[in-house]
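Here's the structure we're looking at; comments come further down.
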């Protein structure tokens, strides 16, 4: 059962590669300062094969994440009791952070996928004539200097480049400031303070014993 998602992903990826060939006008393009880019014959067929499935899957995952959050809010007491009785490492706060992160990532993905579709289709769609015309001179590699590339395309490329670190930052925001993460940060700081800065660690027990002894002395003196 664990291999099923991996096999399904490979099958879908293989099918997608073959379908991409339908709307691949030639081998690839080389754009100055950006490198190799896929050569897509921008048409209705390209929208249906490349960008629409991405947008559809992103919307479906967003719906599932919303339903999961809705069910959690309705059954939060039952869910918390189930986690407590099952001795699971997953707590209510962790589950809520997972759902919130999934919703944020899915909204982020839907917006970016929709913008990617719009940015590619906005200059205009090319008519699909026949297979021989679309794939004529298929082996060529076109090179473009950055001065000849439209400005909106440059902005779109930079945007999608920055989506990778931005997505990582979103993940860190949800889990980098959790209770477990803060404990680990504190351990690292204590090690740095003790090993590198050579400062003695404050013993809470000793301070507690001294304060307790002082209070006992005051009570006996009074």
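Residue numbers (the numbering used here): 4 to 225. Just so it is clear, CB atoms sit at the ideal spot from N, CA and C, and this is done for glycine as well.
| Asked | Found |
| --- | --- |
| Residues bridged to residue 41 [DSSP beta-bridge criterion] | 31 |
| Cα-Cα separation between residue 98 and residue 170, rounded to whole angstroms | 19 Å |
| Boundaries of the beta strand (DSSP E) in which residue 146 is found, first to last residue | 144-147 |
| Own chain, CB closer than 6 Å to residue 10, minus 5 neighbours either side, in chain order | none |
| Inter-residue spacing [alpha-carbon to alpha-carbon] between residue 179 and residue 122 | 34 Å |
| Integer Cβ distance of residue 166 from residue 109, believed to fall under 8 Å | The Cβ separation is near 14 Å, so there is no contact. |
| C-alpha gap between residue 17 and residue 73, whole angstroms | 35 Å |
| Cβ contact check for the region 21-36 and the region 140-159: 3 or more pairs under 8 Å | yes |
| Beta-carbon separation (whole angstroms), residue 28 vs residue 137, contact threshold 8 Å | 6 Å |
| Residue environment, residue 150, which counts as buried when at least 16 other CB atoms sit within 10 Å | exposed |
| Reduced DSSP secondary structure (H/G/I, E/B, other) of residue 2 | For the chain, the structure presents residues 4 to 225; residue 2 sits outside this window and is missing. |
| Distance CB(residue 50)-CB(residue 71) smaller than 7 Å | no |
| Integer-rounded CB distance, given that residue 112 should sit under 8 Å from residue 61 | 4 Å |
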